[in-house]
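Residue numbers (this note's numbering): 70 to 332.
The C-beta atom is built at its ideal place from N, Cα and C for all residues, glycine as well.
Values in this document were obtained by computation on a predicted structure and should not be read as measured data.
Shown next, in structure tokens, is the structure this report addresses.
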């Protein structure tokens, strides 16, 4: 995919990775809907990139639907949905567990992707578009320092892998980008600890490079890792045993990516 003349919706686009993606796509010729709850910064980014701002609390499916409608009304359609809105967890499952905060985190990091996909798919099917969700390396590996964050990011990875073959049948490519620690607001509280431990913190530009690569080259259902010091690429998930008949033959399911690889 090239971006000139395309229409993109980016959630969580007032800051960090989302703002970086919005700027990069606009610089390449795309019209961008900047969606966020930070109205002041969101409007500033939209003005900077020549796009339009949409107030969008991704926990509410009506907001995602309205953001898609804004893209259609202002720019004539939708080609790209970057579902990037996310927040840190900041608590565990012990005495510090906060049920209300838990629902907020899951609502933004997981529900926001689900609602965004649901809202964007009808328009993307019309033009053969792309969806990229921001997951995390925490969705690909164990995250003992924040298991709840790992849980919602692993759910995003599972959603993308399962949805990828199904959406591809309608001409829509669905991918995830899974960054390690990047220099965004999410790591503010523990950035000094990362640096003192020698953990590299990537720049936002490094992560945006991966988003551009995925939008151009990603294949259905791929989840690309992004780590310092190595090129981004699709994570190679090991094949699970899969469903079998009583005699040991593989059960063939519709849109089955494992069966497709075996063929």
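query: Residues sharing a beta bridge with residue 122, DSSP; result: 103
query: Sequence ranges, beta strand (DSSP E) only - wholly within the region 123-163, length at least 3; result: 149-152
query: In DSSP terms, what residue 244 is bridged to; result: 201
query: Residue 238 burial status per 10 Å Cβ neighbour count (16 or more: buried); result: exposed
query: Contact the region 90-99 vs the region 154-161: 3+ CB pairs below 8 Å; result: no
query: Beta-carbon proximity of residue 183 to residue 147, cut-off 8 Å; result: no
query: Delimiting residues of the alpha helix (DSSP H) encompassing residue 232; result: 216-237
query: Close beta carbons around residue 277, own chain, < 6 Å, minus the five adjacent residues each side; result: 89, 90, 93
query: Sequence-distant residues of the same chain with beta carbon closer than 6 Å to residue 291, five excluded per side; result: 244, 303
query: Those residues which DSSP pairs with residue 307 across a bridge; result: DSSP output for residue 307 lists no bridge partner at all.
query: Bridge-paired residues (DSSP) for residue 78; result: 102, 150
query: Other residues of its chain near residue 111: CB distance less than 6 Å, five sequence neighbours each side excluded; result: 83, 103, 105, 122
query: Assigned secondary structure, residue 280 (DSSP; H/G/I helix, E/B strand, else coil); result: helix
query: Per-residue DSSP class, three states only, for residue 302; result: strand
query: Separation of residue 317 from residue 281, as counted between CA atoms; result: 42 Å
query: Residue burial classification, residue 203 (beta-carbon count within 10 angstroms, cutoff 16); result: buried
query: Buried or exposed (CB count within 10 angstroms, at least 16 for buried), residue 242; result: buried
query: Stretch-stretch touch, CB-based, cutoff 8 Å, three pairs: the region 168-179 with the region 135-146; result: no
query: For residue 171 and residue 80, the rounded distance between their alpha carbons; result: 20 Å
query: DSSP beta-bridge partners of residue 295; result: 248
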